[in-house]
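Novice:
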Amino acid sequence: MEIDLLENSNGRNVVIVTLVIVLISAIAIFYLTTGINDWGLIIRREEKAGFELSNLTISPKTVHPGERVDVGLDVCNIGDLQGTHTVKLEINGKVKDSQAVTLDPGEESKITFSIMRSTAGEYDIKIGNLTSSFRIRKPEPV
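The sequence shown: position 4 = 4 (UniProt numbering), numbered continuously.
#1: Could you pull the DSSP bridge partners for I136 from this structure?
#2: Below 8 Å on the Cβ atoms is my guess for residue 151 versus A120; work out the distance and round it to an integer in Å.
#3: Assuming L73 contacts L53 (C-beta within less than 8 Å), just tell me the rounded distance between them.
#4: Hey, is the segment 98 to 105 in contact with the segment 117 to 134, meaning 3+ C-beta pairs nearer than 8 Å?
#5: Check for me: the beta strand (DSSP E) holding Q99 runs from which residue to which?
#6: Would you kindly work out how many angstroms separate the C-alpha atoms of residue 152 and E67, rounded to a whole number?
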């Protein structure tokens, strides 16, 4: 929380209280004067873009070396303004790819990453706070 005391053009004292709550920002402005009943309150929510990631899918979950795995998710702008968000794909804790998406308020888009790996093993996927995994099988003997 941040509190500032200012004087406005009418000579009134203005206390500005800024609150930040997770993804929601609010600014409350209190007008104070010496008169007992002479005050007002304005609460304004800061307008901005905000993005929500959901519905992480991996298909297929198990493949042979060199086969393609598609990682998909939905991105939604839950804010009040158009904005751009960069979606970062992490594989085993390292950023391996990213895509920028620009969305209007309330707009949703599907993002897909295509992955190919040649080494057998389990691969952990993380995009934002979404996690999953896929597996590359060991090559079959000839």
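The beta carbon of each residue, even a glycine, is placed where N, CA and C say it ideally should be.
Computed from a prediction, not measured in an experiment: that's the story for all the values here.
Specialist: Short version:
#1: V63 and G121
#2: Since the first residue of the chain shown is 1 and the last is 142, residue 151 is not available in this structure.
#3: Going by Cβ atoms, the distance from L73 to L53 rounds to 6 Å, so yes, they are a contact pair.
#4: no
#5: For Q99, the enclosing beta strand (DSSP E) starts and ends at K94 to L103.
#6: As displayed, the chain neither begins before 1 nor continues past 142, which places residue 152 out of reach and without an answer.
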